[in-house]
Amino acid sequence: MEDLERILRKHPFLEDLDPEHVKLIVGCAKNLRFQPGEYLSHEGDEEASLFLIRRGTVAVEAQGPGGQATCIETLMPGDVMGISWIAPNKAHFDCRARDTVHAFSLDAQCLLKKMNEDPALGFALTTRLLDNTHERLSRLRLQQLDVYR
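Position one of the sequence shown corresponds to residue 1402 (our numbering), numbered consecutively onward.
Written out as structure tokens, the structure is:
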């Protein structure tokens, strides 16, 4: 069986990260599986993990009028989920597996500790998270433009 470090290195979020930094991250990682319909996070709950999606798709849902869930984005393999663990530490959306999802869960407290101990790791991960956030905001903006046409 392939070891966790080797599998982590293949995820697009980490693939070109310094190998020593990946070794540090391995201590924070769990390999998880979610069944269709299972929630990875709920809006308002503490966001204690950063998820790296490996297989399957995740619906990012917002509660509309009357409590009806509306999918505002679908996360695919290679995507990152749960960036609020840095601040304010609360999930902004419900995230639900659309099909069987395989993901790495990186424990937030463990990751923050390692980022504080190794500023180069902290900078590398923060830069990646900012890039990821920018890409997602750009996609959502394009979605909104399409809705209002």
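Think of the CB as a built atom: it goes at the ideal place given N, C-alpha and C, for glycine as much as any other residue.
Problem - Beta-carbon contacts of S1539 that lie in its chain and below 8 Å, excluding the five residues immediately before and after - result: Excluding sequence neighbours, S1539 sits near nothing in its chain.
Exercise for the section: Tell me whether C1511 sits in a helix, a strand or coil according to DSSP, three-state version. Expected result: Here C1511 sits in helix by DSSP.
Practice task
Reducing DSSP to helix, strand and coil, say where E1421 ends up.
Solution key: In the three-state DSSP reduction, E1421 falls in the helix class (H, G or I).
Handout entry: S1442 and F1494 closer than 9 Å at C-beta
Key = Remark: C-beta atoms of S1442 and F1494 approach each other more closely than 9 Å.
Handout entry: Three-state secondary structure (DSSP) of N1552
Key = Any question about residue 1552 goes unanswered here, given that the chain covers just 1402 to 1550.
Exercise for the section: Quickly, what does DSSP pair R1410 with across the bridge? List them, please. Expected result: R1410 pairs with nothing; no bridge assigned.
Practice task
Would you kindly check if the distance between the Cβ of A1504 and the Cβ of G1457 is under 9 Å?
Solution key: Taking 9 Å as the Cβ cut-off, G1457 and A1504 qualify as a contacting pair.
Problem - Per-residue DSSP class, three states only, for D1500 - result: Here D1500 sits in coil by DSSP.
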